Amino acid sequence: MSVRDALPGPAEGGPATPPPTGAGAPDGPGAGPPSRRRLARARRSAARRRAWAQFRRSRSGMAGLLVLVGFGLVALLAPVLFPPETISVTDATGEPMAPPTAGFPLGTDESGRSILALVVWGARVSLVVGLAATLMSMLIGTVIGVMAGHFAGWFGVALNRFTDWFLVIPFLPLAIVLATVLGASLLNIIIVIGVTSWPGTARLVRAQTLAVSARPYLERARALGGGDWHQMSRHVLPNVMPLVLANTTLMVALAILSETTLSFLGLGDPLRPSWGGILDGAFTNGAMSVGAWWYVLPPGLCVVAVVLAFTLIGRTLETIVDPRRGVRA
Amino acid sequence: MGPGARYALRSVASGLGTLLFVVVFNFFLFRMLPGDPIGLYTRGRNVPPEQIEALRAELDRPLLEQFVTYLANPFASTINSARYNQPVWTLIGDRVWATLLLVGTAIVLASILGTWIGIRAGWRRGERFDRVSTGVTLTLYSMPEFWLGMILLITFGVGVGFVPGVFPIGGIITPGVDPTSLAGVLDVMWHMVLPVTTLMVVYLAEYALVMRASLIDELGEDYLTVARAKGLMDKVVRRRHAVPNALLPTVTLILLNLGFVVSGAITVETVFSWPGLGLLSYDALRGPDIALLQAIFLLFSIGVIVANIIADLLYAVLDPRVRA
């Protein structure tokens, strides 16, 4: 399978040619002259089906997906599993820093709250922050990357230089500085991760945009009088998107790790602890010196499981979207 | 001017551009903080009135004038650390060596082990060693380094169940031991075991993945087919032909990813109370100690920018194709 086959959206073939592998699509060559939009939709859904069939064959990708679905369900069901008062500091019912018992399968924290309940509620925060931060960074990265690649003049060069600057600045010190200035809150941590992690995406998108811009169909679009906006939104973006999506999955993994680190350093929302926030609680309340392994082990294991799941899915998607890059996975 | 000199000039200029950007950003970001700056800079500390007067006089100058002074010499800050009431650069100077010792040891060990694993896995891609090592390195790569440190600390420092805690739970040396004596050196090494292991394991995962990927990139190249066609042994093809070429991107990536090393140092030093720059950053941010935070951010950025310039130049020296 070539790169082009995996890319949905307007590929190089003119609108008059039927989709090359559209056997399952409703508009076959015999169904009369199909409309351009229906043709595009059929081609896209065929590409999606092909990608899914390929994804299903990857054992590690499917394992990652399974883990994610599990964590997603737990996060959604948190209020059903543990009513909100179980993680309130004042309504806690357990002994402080008690090892696992039947009532508290993962023990308790310094104020007697169930670690299991904290971890289940933490899943919501960690996942939401990871996804929202990735969305933000992907938006910034894609917009800057497409523009940097599309505009050849000083504007593109300036955007590219700007990306390079941001790429070099070390992430954690920058994030700490930003989070200190903005203050500790859930929204701010999303902003901080989003604003600091886009340069990688921008660089990737720019490279892909440059490759796409050299293709004949963009020359054709220009010759027919298509403006910059039309070229970018209708031709460049649809061809860059699959790569961005694969990259996004890998970005979520990084965003969740970043969130964990920042929360551990005390920059998260203290009232809604994520997994990193729980680890911060364990560290600052001396869980380690009393050997309270049940306080430290579960949140970290959850981070590893979710980050690994996103990484495996991302690597599988990368192989599907860009087989040449993917061979290394 | 030859193409090599032009390339060198360009990468140095780009590095200086980034540096200027960091300095400007660093200056204006902290001027945006809400509230009385005097309170922020002296938080929770008894300061003699004349010092407050000096600080106020400094901060009352026009913003542009302050900026020009800062730009002229970003290291000559007149504002003391709020927590330690000392010039920030003195504090940083005291802490640099502990960090260099810890991080340097971890990087050396990790790059040796990591490249070895990467070469073995990449050369026989898909075989058992590769599958196991890739699984392990990906898992380690998904791990928050400070969490690994906490687990090691609880298990081998404090002791869990039948595992006795034999290693020190923090610090760089037992109080009262002379660091220049042999006993002192051994004591420091004993304190280094857990934090170095933590950092090494996390760095190693990255280096092994990078080395494996770049070796696999070389596998399809024609010169390897030629080497094999000459009848060279597999071992020689790997050692003399494939690995030297694959090492190139790995070496530069190790330098380029210094930002990642810095992150590890901040959190792992915090967990092990290692008295270096990382722990200083943690203290500064918990304050928050604005003057100190500003200085540390500048220092880390400079370190990473310089490493990037070196990586660029090194790459050009090692691979002449880049210079074109």
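As they're listed, the protein sequences go chains A and B.
Residue 2 is where the first sequence starts when you use my numbering, and the numbers rise one by one after that.
Residue 728 is where the second sequence starts when you use my numbering, and the numbers rise one by one after that.
For each residue, glycine too, the CB sits at the ideal point set by N, CA and C.
Being a predicted model, the structure only gives us computed values, none of them experimental.
Short Cβ contact (8 Å threshold) for residue i with residue j
i          : j          : result
PRO171(A)  : PHE1027(B) : yes
THR135(A)  : THR249(A)  : yes
GLY157(A)  : GLY150(A)  : yes
LEU931(B)  : GLY841(B)  : yes
THR202(A)  : MET252(A)  : yes
GLY301(A)  : LEU280(A)  : yes
GLY886(B)  : SER1000(B) : no
LEU119(A)  : PRO217(A)  : no
THR197(A)  : LEU168(A)  : no
ALA740(B)  : ILE844(B)  : no
ILE881(B)  : TRP294(A)  : yes
GLY278(A)  : ASP110(A)  : no
LEU975(B)  : ILE1037(B) : no
MET927(B)  : LEU836(B)  : yes
ALA1022(B) : TRP816(B)  : yes
SER125(A)  : ALA185(A)  : In the sequence as presented, Ser is not what sits at residue 125(A); that position holds Arg. Not closer than 8 Å, so no.
PHE1052(B) : THR997(B)  : A query on residue 1052(B) cannot be resolved here, the shown segment of chain B reaching from 728 to 1051 and no further.
Any chain A beta carbon closer than 8 Å to residue i
i          : result
VAL995(B)  : no
PHE754(B)  : no
PHE999(B)  : no
PHE802(B)  : no
ILE672(B)  : A query on residue 672(B) cannot be resolved here, the shown segment of chain B reaching from 728 to 1051 and no further.
ASP1028(B) : Note that residue 1028(B) corresponds to Ser in the displayed sequence, not to Asp. Yes, contact with chain A.
ARG822(B)  : no
GLY986(B)  : yes
LEU921(B)  : no
PRO1015(B) : yes
SER741(B)  : yes
GLY744(B)  : yes
MET759(B)  : yes
SER808(B)  : no
CA nearest to the CA of residue i, picked from the options
i          : options                                      : result
PHE163(A)  : LEU746(B), ILE1037(B), GLY731(B), VAL1033(B) : LEU746(B)
TRP850(B)  : GLY884(B), ASP944(B), THR826(B)              : ASP944(B)
ARG810(B)  : ILE1037(B), LEU980(B), ILE1017(B), PRO871(B) : ILE1017(B)
ASN753(B)  : ASP787(B), VAL970(B), PHE1024(B), ALA1034(B) : PHE1024(B)
LEU1053(B) : ILE896(B), LEU1012(B), GLU933(B)             : Outside the modelled stretch of chain B, which goes from 728 to 1051, sits residue 1053(B), for which no answer is possible.
MET98(A)   : VAL68(A), GLY315(A), GLY287(A)               : GLY287(A)
ILE1032(B) : ASP165(A), ARG49(A), TRP53(A)                : ASP165(A)
HIS942(B)  : GLN778(B), ARG967(B), ILE806(B), PHE748(B)   : The identity of residue 942(B) in the sequence shown is Leu, whereas the question assumes His. Among GLN778(B), ARG967(B), ILE806(B), PHE748(B), the Cα nearest to that of LEU942(B) is on ARG967(B).
PRO100(A)  : VAL182(A), LEU211(A), ILE116(A), ASP92(A)    : ILE116(A)
SER738(B)  : ALA1043(B), ARG1048(B), LEU1006(B)           : ALA1043(B)
VAL304(A)  : ARG38(A), PHE152(A), ALA254(A), ARG58(A)     : ALA254(A)
THR262(A)  : VAL937(B), LEU875(B), THR826(B)              : LEU875(B)
Chain B contact for residue i (CB, 8 Å cutoff)
i         : result
PRO171(A) : yes
PRO27(A)  : Unreliable positioning characterises PRO27(A) in this predicted model, as indicated by a pLDDT of 48, which lies under 50. A coordinate reading is not provided.
ARG290(A) : According to the sequence shown, residue 290(A) is Ser rather than Arg. So yes, SER290(A) belongs to the interface.
ARG162(A) : yes
LEU219(A) : no
PHE265(A) : yes
GLY23(A)  : In this predicted model, GLY23(A) has a pLDDT of only 41, less than 50, meaning its place in the structure is not dependable enough to derive any value.
TRP230(A) : no
LEU318(A) : no
THR202(A) : no
ASP323(A) : no
VAL308(A) : yes
TRP53(A)  : no
VAL297(A) : yes
GLY315(A) : no
VAL129(A) : no
PHE284(A) : yes
TRP199(A) : no
THR312(A) : yes
PRO174(A) : yes
LEU305(A) : Rather than Leu, the amino acid found at residue 305(A) in this sequence is Val. For VAL305(A), the answer is yes, since a Cβ of chain B falls inside 8 Å of its Cβ.
Contact list for the stretch 83–99 of chain A against chain B, Cβ threshold 8 Å: none
task: Using a Cβ-Cβ cut-off of less than 7 Å, list which residues of the stretch 952–984 of chain B approach chain A; keep chain order.
output: Those would be none; no residue qualifies.
message: Give me the subset of the stretch 868–895 of chain B whose CB atoms are less than 7 Å from a CB atom of chain A, sorted by chain position.
response: SER869, MET870, PRO871, PHE873, TRP874, MET877, ILE878, LEU880, ILE881, VAL885, GLY886, VAL887
- prompt: Counting only runs that start and end within the stretch 869–900 of chain B, where is the alpha helix (DSSP H) found for 4 or more residues in a row?
  reply: 872–879
task: Would you mind listing the alpha helix (DSSP H) stretches within the stretch 186–249 of chain A that are 4+ residues and don't spill past its ends, in chain order?
output: 187–197, 200–214, 217–224
- prompt: What are the residues of the stretch 176–188 of chain A that lie near chain B, defined by any Cβ-Cβ distance shorter than 7 Å?
  reply: Listed in sequence order: ILE177, VAL178, THR181, VAL182.
message: Taking beta-carbon pairs under 8 Å, can you tell me which members of the stretch 833–866 of chain B lie near chain A?
response: Contact annotation: in the stretch 833–866 of chain B, residues whose CB is within less than 8 Å of a CB in chain A are LEU865, THR866.
Unbroken stretches of the alpha helix (DSSP H), 4 residues or longer, contained in the stretch 787–864 of chain B: 790–799, 815–850
- prompt: For the stretch 239–265 of chain A, which residues have a CB atom closer than 8 Å to at least one CB atom of chain B, in sequence order?
  reply: Within the stretch 239–265 of chain A, the qualifying residues are ALA254, LEU258, THR261, THR262, PHE265.
Whole alpha helix (DSSP H) elements within the stretch 108–169 of chain A, 4-residue minimum: 116–151, 155–169
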